[in-house]
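Order-wise, the sequence lines are chains F and Y. So for the first sequence, our numbering puts the first residue at 469; every next one is plus one. So for the second sequence, our numbering puts the first residue at 469; every next one is plus one. Each residue gets a CB set at the ideal place from its N, CA and C atoms; glycine is no exception.
Protein chains: 2
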Amino acid sequence: MQFKEKTICKNYVYKGKILSLRKDDVILPNGQPAIREMVEHSGGSAIYCEVDGKILLVKQYRYPYEKEIWEIPAGKLNIGESPEQTAIRELEEEGGIVAERVEKMFDVYPTPAYTNEVIRIYRAVGLTKSKQRLDDDEFLHSQWIDKEQVVKMIYDGEINDSKTIIAVLSSMK
Amino acid sequence: MQFKEKTICKNYVYKGKILSLRKDDVILPNGQPAIREMVEHSGGSAIYCEVDGKILLVKQYRYPYEKEIWEIPAGKLNIGESPEQTAIRELEEEGGIVAERVEKMFDVYPTPAYTNEVIRIYRAVGLTKSKQRLDDDEFLHSQWIDKEQVVKMIYDGEINDSKTIIAVLSSMK
């Protein structure tokens, strides 16, 4: 048996720069009407970069948590850009590294109850050094950290970002 | 050097049932004014349950993705409930299993650019069988699946939920 919720009407509560909010009228699988609140997001790319046992992480202030947190380089898709191009661009901008190409690791649904965002995680391949070039409203530090130390930071609760935990844990095989 | 964004004014665009949306006026580290859009969420608990090499998963329709997806049992915190109580309650409601207690695995930030949600992932300990009791608007299947198969589903892209991937990958040591 498959369950499905049928959209009766998409209602935009807010249309914003990075996200929009909908409060849709739906019909549940049991035929009852209901409301579903959800965020529309254009998606993002993240890039896992490991060289000689070290992982490239960025420490960035994240407004919702009111603090700086550790993450792999990532960002949202610009208009006209493929997810692979986004990953390569973010690695160069945030980490000062040029990747020849990227390999898909995962498509992640960060919190499926209320957002349609897909975070595409890539592995960087064929690296050469470039220069960090941040957006005007972007403030972050990048750092190469021993993989062993990164794993310890995950289990000690010092790294909490979902895409970063997934990329690192999956690279432990 | 530490970066910080200073809140000038919190502006609620929407106050909802499961989430609220803010469009705050802030001052960036360089002194410039900016707008930050963010979702306020009360947080959720998820529970990893493994017995004899099998993992308990639920398959649930997720409106934002317009399809059913596989996840470990999870849900948002009810008022007056501790995160541990939420995890134990969701396991019984969705999976029909009573856990004697839970052990914290991770606090996960699912998508830190625009939500303040913290997903607390627990491991279930001391299990006895009970009966599935779903909410009126909840429609899902629960299933015990071989761990080896679950790992394959993650790497084949059939499991995309961030908390589920983290719980399973971290249990492969």
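Closer than 8 Å by beta-carbon distance: list the chain Y residues that pair up with residue i, in chain order.
{"i": "leucine 496 of chain F", "result": "Asp605, Phe607"}
{"i": "leucine 602 of chain F", "result": "Neighbours of leucine 602 of chain F on chain Y: none; closest Cβ ~11 Å, over 8 Å."}
{"i": "alanine 502 of chain F", "result": "Asp605"}
Under the three-state reduction of DSSP, which class applies to residue i: helix, strand or coil?
{"i": "proline 501 of chain F", "result": "strand"}
{"i": "glutamine 470 of chain F", "result": "coil"}
{"i": "glutamine 600 of chain Y", "result": "coil"}
{"i": "glycine 563 of chain F", "result": "helix"}
{"i": "serine 638 of chain Y", "result": "helix"}
{"i": "alanine 555 of chain Y", "result": "helix"}
{"i": "serine 550 of chain Y", "result": "coil"}
{"i": "tyrosine 529 of chain F", "result": "strand"}
{"i": "tyrosine 623 of chain F", "result": "helix"}
{"i": "isoleucine 540 of chain Y", "result": "coil"}
{"i": "threonine 579 of chain Y", "result": "coil"}
{"i": "lysine 535 of chain Y", "result": "strand"}
{"i": "leucine 595 of chain Y", "result": "strand"}
{"i": "glutamate 568 of chain Y", "result": "strand"}
{"i": "lysine 483 of chain F", "result": "strand"}
{"i": "glycine 511 of chain F", "result": "coil"}
Please name the residue or residues paired with residue i in a DSSP beta bridge.
{"i": "phenylalanine 574 of chain Y", "result": "Y/Ile589"}
{"i": "cysteine 477 of chain Y", "result": "Y/Asp493"}
{"i": "methionine 506 of chain Y", "result": "Y/Arg490"}
{"i": "glutamine 617 of chain F", "result": "Paired residues: none, contrary to the question."}
{"i": "aspartate 629 of chain Y", "result": "F/Tyr577"}
{"i": "glutamate 518 of chain Y", "result": "Y/Ile523"}
{"i": "leucine 608 of chain F", "result": "F/Gln528"}
Whose Cβ in chain Y lies nearer than 9 Å to the Cβ of residue i?
{"i": "serine 638 of chain F", "result": "Ile622, Tyr623, Ile633, Leu637"}
What does residue i touch in chain F if you count any residue whose Cβ is under 7 Å from its own?
{"i": "valine 513 of chain Y", "result": "Looking at the sequence itself, residue 513 of chain Y is serine, so the reference to valine does not match. What serine 513 of chain Y touches in chain F: nothing, since even the nearest Cβ is about 12 Å away."}
{"i": "alanine 555 of chain Y", "result": "Here the premise fails: no neighbours, minimum Cβ distance about 15 Å."}
{"i": "leucine 489 of chain Y", "result": "Tyr482, Leu489"}
Taking Cβ-Cβ distances shorter than 7 Å, what residues in chain Y pair up with residue i?
{"i": "aspartate 629 of chain F", "result": "Tyr577, Pro580"}
{"i": "proline 532 of chain F", "result": "Met506, Pro580, Tyr582, Thr583, Asn584"}
Can you tell me the Cβ-Cβ gap for residue i and residue j, rounded? I've got them flagged as a contact below 8 Å.
{"i": "serine 598 of chain F", "j": "glycine 543 of chain F", "result": "The pair is not a contact, with the Cβ atoms about 16 Å apart (cut-off 8 Å)."}
{"i": "glutamine 528 of chain Y", "j": "leucine 602 of chain Y", "result": "No, glutamine 528 of chain Y and leucine 602 of chain Y are not in contact; Cβ-Cβ is about 10 Å, not under 8 Å."}
{"i": "aspartate 575 of chain F", "j": "arginine 557 of chain F", "result": "Rounded, the Cβ-Cβ distance is 19 Å, inconsistent with contact."}
{"i": "histidine 555 of chain F", "j": "alanine 514 of chain F", "result": "Before going further, note that residue 555 of chain F is alanine rather than histidine in the sequence given. Rounded, the Cβ-Cβ distance is 7 Å, consistent with contact."}
{"i": "alanine 592 of chain F", "j": "leucine 545 of chain F", "result": "The pair is not a contact, with the Cβ atoms about 17 Å apart (cut-off 8 Å)."}
{"i": "tyrosine 482 of chain F", "j": "tyrosine 482 of chain Y", "result": "6 Å"}
{"i": "aspartate 629 of chain Y", "j": "isoleucine 537 of chain Y", "result": "6 Å"}
Output, in chain order, the set of chain F residues within a Cβ distance shorter than 9 Å of residue i.
{"i": "proline 541 of chain Y", "result": "In chain order: nothing, as chain F lies at least about 13 Å away."}
{"i": "glutamate 536 of chain Y", "result": "Gln470, Phe471, Lys472"}
Does residue i get closer than 8 Å to chain A when you measure Cβ to Cβ?
{"i": "isoleucine 486 of chain F", "result": "Chain labels in this structure do not include chain A; the protein chains are F and Y."}
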